[in-house]
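**Q** Quick one: the structure is below, and I'll ask about it shortly.
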Amino acid sequence: MPELPEVETVVRGLQAVLPGRRILSVRLGKTDFIDDPKLLSERLPGSSIGWISRFGKFIFVELSGGARDTNSEAQLHLLIHLGMTGRVTACAPSEPVRPHTHVFFALDDGNELRYTDPRRFGKIRLADDAWMDALRARWGEDALAIGAAEFVQRAGRRGARIKALLLDQHTVRGIGNIYADESLWRAKIHPARRADRLNAKQLRTLHRAIRTTLLAAIDLRGSSFSDYVDAEGNPGMFQRMHRVYQREGKACRRCGSAIRRVQVAGRSSFFCPRCQLAPRTPKRSRARKK
DNA sequence: AGCTCTTCCTGAAAGC
DNA sequence: TGCTTTCAGGAAGAGC
């Protein structure tokens with residue numbers, strides 16, 4: 002599941018091979034996850050790739066000089082979201098094509114940029130500067146860019162459970178299920194706690210825990226469980242460092258208690274029942290009667 | 001308005 | 001063994 006550290010790793014890999022390349026042609030398979038597939042086919046051939054960057058879990062590819070705006074100053078931005086199972090790789094066209102590969106860009110160095118996504122939860126869209134400005138105004142800050150004070154202020158006025166808030170990309174962008182659980186464990190906060198019931202000190206601790214966790218994961222090139230690989234096709238190593246995620250029943254690395262798993266915000270949430278105390282009035286999403 | 005639940009999709013794993 | 005069912009999750013949209 003690509004979250005911020007995985008996307009950052011992919012972006013660094015693409016940064017090493019894509020800038021300066023020209024896109025010669027575009028070939029598409031299934032397109033139901035592409036915002037405007039015809040636009041891609043029309044505008045991308047002939048355009049040059051500039052800087053590659055990351056915002057939350059989005060990959061931004063700067064493009065200039067496409068087929069129909071050779072004399073225009075306007076930049077185009079290719080937005081790629083990997084969803085659950087998306088992978089972007091640059092390789093030789095002779096490399097075997099993985100199943101569910103739906104986008105092929107032929108590049109002027111003879112290589113091919115491919116987008117593969119079995120579940121097609123990913124998104125691809127072409128945006129202009131105005132669209133990008135609107136998007137940045139509407140979206141929350143990147144999880145590695147937001148300061149402690151702003152995080153405390155934003156989160157502290159929300160009634161949502163802290164796990165749901167971390168997963169909601171409108172508040173802080175880039176955190177998904179793995180890093181939400183890992184950060185909450187590090188900060189010793191139960192996933193079902195309401196954000197506005199946490200004090201400023203706890204929220205500052207959480208902000209710090211998020212940074213520490215994400216940076217450590219980037220160092221190990223992300224977490225690989227099922228599908229995630231970087232731009233060269235290699236898995237990450239941070240899954241070996243997980244403290245709670247996918248460790249139900251195993252010993253907490255801090256206190257030895259058995260890690261538990263509950264549903265919060267419709268997602269599996271792993272936590273230590275001793276280090277992360279439950280809220281006083283635990284919310285039950287549904288009364289279970291048997 | 002603000003929060004939670006459902007939906008999309010496929011492959012892996014569990015269940016019978 | 002082999003078929004069927006369940007589950008995983010990002011984020012939009014529906015529902016409350």
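Under the numbering used here, residue 291 is the last one in the first sequence; the count climbs by one each step, no gaps.
In this text, a Cβ means the ideal position worked out from N, Cα and C, and glycines have one as well.
Note that the structure is predicted; figures quoted are calculated from it, not measured.
Where do the N-terminal and C-terminal ends of the alpha helix (DSSP H) with W132 fall, by residue?
**A** Per DSSP, W132 belongs to the alpha helix (DSSP H) from D130 to R139.
**Q** Could you compute how far the alpha carbon of L136 sits from the alpha carbon of I60?
**A** Whole-angstrom Cα-Cα distance: 14 angstroms.
**Q** If I measure Cβ to Cβ from V153 and keep anything under 8 angstroms in the same chain, skipping five residues before and after, which residues do I get?
**A** Same-chain partners within the cutoff: A201, L204, R205 and H208.
**Q** Starting from R261, follow its DSSP beta bridges and name the residues at the other end.
**A** According to DSSP, R261 bridges with F272.
**Q** Could you pull out every residue in the same chain whose Cβ sits closer than 6 angstroms to the Cβ of S54, ignoring the five residues on either side in sequence?
**A** Cβ neighbours of S54 beyond the five flanking positions: F61.
**Q** In the DSSP output, what is C92 paired with across the bridge?
**A** BP columns for C92 point to E113.
**Q** Tell me which residues share the same chain as P46 and place their Cβ nearer than 7 angstroms to its Cβ, disregarding the 5 neighbours each side in the sequence.
**A** Only I24, L25, S26, V27 and A68 meet the Cβ criterion.
**Q** Provide the residue span of the beta strand (DSSP E) that contains T108, from first to last.
**A** Reading off the sequence shown, one finds Leu at residue 108, where the question assumed Thr. Element bounds for L108: T102 to L108.
**Q** Which full runs of the alpha helix (DSSP H) of 4+ residues lie inside the stretch 150-208, going along the chain?
**A** Complete alpha helix (DSSP H) runs here, min 4: 163-168 and 178-188.
**Q** Starting from G14, trace the alpha helix (DSSP H) in both directions and tell me its first and last residue.
**A** Start and end: L5 to V18.
**Q** If I'm right that R115 touches F105 with Cβ under 8 angstroms, what's the distance once you round it to whole angstroms?
**A** With a Cβ gap of about 6 angstroms, R115 and F105 count as contacting.
**Q** Suppose the cutoff is 6 angstroms on Cβ atoms and the five residues either side in sequence are ignored; what does the same chain contact list for P6 look like?
**A** Once the five neighbours on either side are set aside, the close Cβ partners of P6 are L215, A218, I219 and G223.
**Q** Opposite K124 in the DSSP bridges: which residues?
**A** BP columns for K124 point to H82.
**Q** Could you tell me whether the stretch 25-44 touches the stretch 246-263, where touching means 3 or more Cβ pairs closer than 8 angstroms?
**A** The answer is no - the stretch 246-263 does not touch the stretch 25-44, with fewer than three Cβ pairs under 8 angstroms.
**Q** Distance, Cα to Cα, A299 vs L29?
**A** The chain is shown only over 2 to 291; residue 299 falls outside these bounds and no answer can be derived.
**Q** At which residue ranges does the stretch 34-66 contain complete alpha helix (DSSP H) runs of 4 or more residues, listed in the order of the chain?
**A** 38-44, all fully within the stretch 34-66.
**Q** Consult DSSP for A144 and reduce its assignment to one of helix, strand or coil.
**A** Coil, per DSSP.
**Q** Can you give me the Cβ contacts of M85 inside the same chain, cut-off strictly under 7 angstroms, excluding the 5 residues immediately before and after it?
**A** Result list for M85: M2, R120 and F122, in chain order.
**Q** Helix or strand or just coil, what does DSSP make of R212?
**A** Correct three-state label for R212: helix.
**Q** If we count the other Cβ atoms within 10 Å of its Cβ and call it buried at 16 or more, is R287 buried or exposed?
**A** The predicted model places R287 with a pLDDT of 39, which falls under 50 and marks its position as unreliable; any figure quoted below should be read in that light. The residue in question, R287, is exposed, as its Cβ has fewer than 16 Cβ neighbours within 10 Å.
**Q** From this set, G234, R158 and E183, which residue's C-alpha is nearest D197's C-alpha?
**A** Nearest of G234, R158 and E183 to D197, Cα basis: R158.
**Q** Report the rounded CA-to-CA distance for R244 versus G250, giving the unit in angstroms.
**A** Rounded to whole angstroms, R244 to G250 spans 12 angstroms at the Cα level.
**Q** Thinking just about the alpha-carbon of each residue, which of I179, V11 and T117 is nearest to the one in H101?
**A** Nearest C-alpha to H101: T117.
**Q** Quick check on R23: does DSSP put it in helix, strand or coil?
**A** Strand at R23.
**Q** Please report how far the alpha carbon of A17 lies from the alpha carbon of D129, in whole angstroms.
**A** C-alpha separation (whole angstroms): 24 angstroms.
**Q** Applying the criterion that 16 or more other CB atoms from any shown protein chain within 10 Å of the CB defines a buried residue, is H78 buried or exposed?
**A** H78 is buried by the Cβ-count criterion.
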